[in-house]
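These notes concern the structure reproduced below.
Chains as they are written, first to last, in my numbering: chain A, 7 to 404; chain B, 3 to 296.
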């Protein structure tokens with residue numbers, strides 16, 4: 007069991023509101039990712055689930071029990087901190103055993119010279135020793151058990167921190183940006199380790215990150231937070247494919263979604279940066295008019311501009327290439343953007359396979375056949391609908 | 003001369019005199035440090051020499067610079083003929099009592115100052131600071147009145163209290179600084195692991211700041227061991243005199259047995275040195291151990 011409910015939680019620090027009426031449920035066994043830029047309240051939310059912070063209003067409920075007023079140690083949740091937060095004066099073994107040893111804590115352990123009795127069960131209690139050994143085995147840190155944290159590398163420390171969480175067999179794991187102190191290669195490896203841990207234990211994981219790649223690859227469900235409020239929640243693919251707002255569309259995806267002013271006409275399609283993108287409506291669509299138009303880089307195609315001006319597509323100039331091996335990211339500055347200066351995000355990113363048009367070449371950018379065009383309300387920046395691009399007949403406009 | 007040398011990174015090839023100048027500067031520094039050491043150590047050495055000389059020889063025209071280790075009779079006189087042992091015991095009780103009490107209060111106070119938010123925190127911190135600005139001599143008379151009213155004169159406990167009162171603020175600030183340096187996340191980890199607040203202090207924070215606690219203990223011990231003014235004022239009965247006060251009773255109206263005073267001083271210094279050596283290991287051992295990140 008490990009169903010975590012956040013009921014209308016608000017947290018204020020003086021005049022600033024870190025969280026504003028958040029309602030959220032992490033289902034049992036789910037890998038829930040809280041995603042957002044720094045300062046969006048995601049860590050505050052995690053700390054309140056853990057009991058390290060108290061909501062100003064609202065309740066935290068775990069498995070139907072209100073734990074809002076319970077101490078962190080009484081919630082049966084494990085936390086993995088960004089800085090690992092290992093006890094520097096204890097061996098790895100003792101770090102792992104510590105949560106188990108605290109069950110046997112008695113007041114007289116405070117008496118000088120009797121305190122070490124607290125650690126006696128570390129080896130003498132078979133249950134403790136076994137659980138430590140098992141956790142160490144799962145994470146491959148058995149040979150590190152007698153070392154101190156300061157002698158370990160960042161990746162090893164991270165695994166010890168995971169082990170300390172694992173050893174307790176909690177109802178849920180709470181992880182606060184656990185990978186952000188690791189280098190890129192180690193980060194990818196540890197990502198799989200955490201996923202394997204999740205699969206093995208089947209426990210709920212609430213995972214805080216500002217890294218959209220981690221969110222996309224790890225989460226079974228992603229919650230995007232902004233300014234203390236939930237912007238959107240759903241499976242990663244849904245958040246990527248159907249962003250609820252301009253903010254979500256720009257926050258997820260590398261490069262971010264290309265969004266710019268345009269016009270929607272159900273009969274013709276979308277005009278964007280002064281060029282027409284023929285499209286078919288999909289589902290319920292807004293009425294024709296001006297709005298914000300967004301297209302992902304992989305839904306765009308770019309080709310050297312040869313045809314006449316009235317042919318469909320956004321006309322522009324190749325500004326630069328980013329070659330990442332199997333594909334090239336082509337950045338195009340629309341001609342229309344040059345004309346109206348001050349238009350924001352006046353740059354289109356296109357994922358291109360094969361040889362890309364050279365830098366400085368005049369090009370035409372269109373939506374690939376079946377590529378998704380997302381429409382946003384220009385005032386509220388919320389999503390209005392989506393439409394599919396259609397193949398442009400070569401004869402069109404000639 | 004030294005100005006040339008202290009400019010860093012002057013390549014030797016460019017400046018042929020560089021090596022010689024550098025050696026000369028190093029030599030000058032060493033000699034200077036050595037001279038300072040001699041100034042520090044010589045009184046102690048002189049104490050040792052004087053203690054082993056018969057009184058008659060002390061006032062020779064040519065002072066003797068070497069001790070006579072064979073002549074230790076004065077220590078026997080000291081132990082059997084004076085309340086020296088009593089005084090040493092009193093000093094020990096006062097110093098250890100002060101150490102225990104001021105470390106216990108200083109650590110908890112410093113921890114609270116560092117980690118908790120409460121009304122009057124700033125005022126308390128400032129008030130602790132202010133106590134250090136007042137000279138002890140200023141407080142002797144009012145404290146005497148208070149202690150007289152409370153019946154704490156000629157009482158070892160009273161001296162422990164007055165010494166601790168002066169040390170606790172310093173320790174509280176020392177410990178606050180040390181706890182500030184401990185990442186809050188490891189305490190949060192302990193709380194999540196089911197560790198109560200006081201146990202977190204005892205089993206997580208204290209071991210990490212052990213060097214500071216050891217330094218605080220040394221500070222408290224020496225402050226009480228060396229204290230003279232309050233002891234001289236509050237402890238007038240022989241039975242409660244600490245060594246610092248006791249030694250001064252040797253200074254007579256007509257004659258002062260210098261060798262007895264010096265031998266007593268030697269005995270007075272010894273336990274303090276031992277205490278420091280016991281704790282010094284902890285002060286140093288922790289210097290590199292606090293690192294959490296990296």
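The C-beta atom is built at its ideal place from N, Cα and C for all residues, glycine as well.
Query                                                                                                                                       : Result
Pair within 7 Å by beta-carbon distance, residue 179 of chain A and residue 211 of chain A                                                  : yes
Nearest-angstrom Cα separation, counted from residue 146 of chain B out to residue 63 of chain A                                            : 54 Å
Beta-carbon gap between residue 4 of chain A and residue 226 of chain A smaller than 7 Å                                                    : For residue 4 of chain A there is no data in the structure shown, the boundaries of chain A being 7 and 404.
Three-state secondary structure (DSSP) of residue 121 of chain B                                                                            : coil
Any C-beta of chain B under 7 Å from that of residue 242 of chain A                                                                         : no
Selection from B/164, B/282, B/136, B/135 that minimises the alpha carbon distance to residue 148 of chain B                                : B/164
Same chain, Cβ closer than 7 Å to residue 311 of chain A, five either side skipped, listed in chain order                                   : 321, 368, 369, 370
Backbone CA spacing between residue 162 of chain B and residue 98 of chain A [nearest angstrom]                                             : 42 Å
Cβ separation of residue 169 of chain A and residue 141 of chain A, assumed to be a contact under 8 Å, to the nearest whole Å               : 5 Å
Option nearest residue 250 of chain A by Cα separation, candidates A/238, A/261, A/323, A/260                                               : A/238
Beta-bridge pairing of residue 270 of chain A - partner residues as DSSP gives them                                                         : A/276, A/295
Whole-angstrom C-beta distance between residue 170 of chain B and residue 122 of chain B, which should lie under 8 Å                        : Actually they are not in contact, since the Cβ atoms of residue 122 of chain B and residue 170 of chain B sit about 17 Å apart, beyond 8 Å.
Beta-carbon neighbours of residue 111 of chain B, restricted to chain A and to distances below 7 Å                                          : Chain A residues near residue 111 of chain B: none, gap ~17 Å exceeds 7 Å.
CA nearest to the CA of residue 232 of chain A, picked from A/94, A/27, A/377, A/271                                                        : A/27
Spatially closest choice to residue 25 of chain A from A/235, A/309, A/31, by CA coordinates                                                : A/235
contact_flag[the region 74 to 89 of chain A, the region 157 to 175 of chain A] where n(CB pairs < 8 Å) is 3 or more                         : yes
Short Cβ contact (7 Å threshold) for residue 222 of chain B with residue 100 of chain B                                                     : yes
C-beta neighbour in chain A for residue 201 of chain B, strict 7 Å                                                                          : yes
Nearest neighbour of residue 406 of chain A, chosen from A/308, A/263, A/300, A/104 [CA to CA]                                              : This structure gives no information on residue 406 of chain A, because the portion of chain A shown stretches from 7 to 404.
With 16 other Cβ atoms within 10 Å as the buried cut-off, status of residue 35 of chain B                                                   : exposed
Interface partners of residue 195 of chain B on chain A, CB under 7 Å                                                                       : 79, 104, 105, 108
C-alpha distance - residue 3 of chain B paired with residue 202 of chain B, whole-angstrom precision                                        : With a pLDDT of 39 at residue 3 of chain B, under the threshold of 50, the modelled position of this residue cannot be trusted; read the value that follows with caution. Taking the straight line joining both Cα atoms gives about 56 Å.
CB contact check: residue 181 of chain B to chain A, cutoff 7 Å                                                                             : no
Closer than 7 Å to chain B by CB, residue 202 of chain A                                                                                    : no
Amino acids of chain B, ordered along the chain, whose beta-carbon sits closer than 8 Å to that of residue 87 of chain A                    : 187, 190, 191
Beta strand (DSSP E) segments (min. 3 residues) lying fully within the region 228 to 281 of chain B                                         : none
CA-to-CA distance, residue 43 of chain B to residue 245 of chain B, given in whole angstroms                                                : 22 Å
Positions along the region 205 to 223 of chain B whose CB lies within less than 7 Å of some CB in chain A                                   : 205, 206, 209, 210
Cβ neighbours of residue 276 of chain A in the same chain (closer than 6 Å, five flanking residues each side left out)                      : 268, 270, 283, 285, 299, 379
Inter-residue Cα distance where the pair is residue 252 of chain B and residue 52 of chain B                                                : 15 Å
Cβ-Cβ distance between residue 102 of chain B and residue 95 of chain A below 7 Å                                                           : no
Beta-carbon neighbours of residue 116 of chain A, restricted to chain B and to distances below 8 Å                                          : 200, 201, 204
Chain-order list of residues whose beta-carbon lies under 7 Å from that of residue 81 of chain B (same chain, five-residue window excluded) : 87
Given residue 154 of chain B as reference, the closest of B/189, B/24, B/238 once Cα atoms are compared                                     : B/238
The region 256 to 270 of chain B contacting the region 191 to 199 of chain B, beta-carbon criterion three pairs below 8 Å                   : no
Proximal residues to residue 400 of chain A (C-beta, below 7 Å), its chain only, five neighbours per side dropped                           : In this prediction, residue 400 of chain A scores a pLDDT of 46, lower than 50, which makes its location untrustworthy; no coordinate-derived value is stated.
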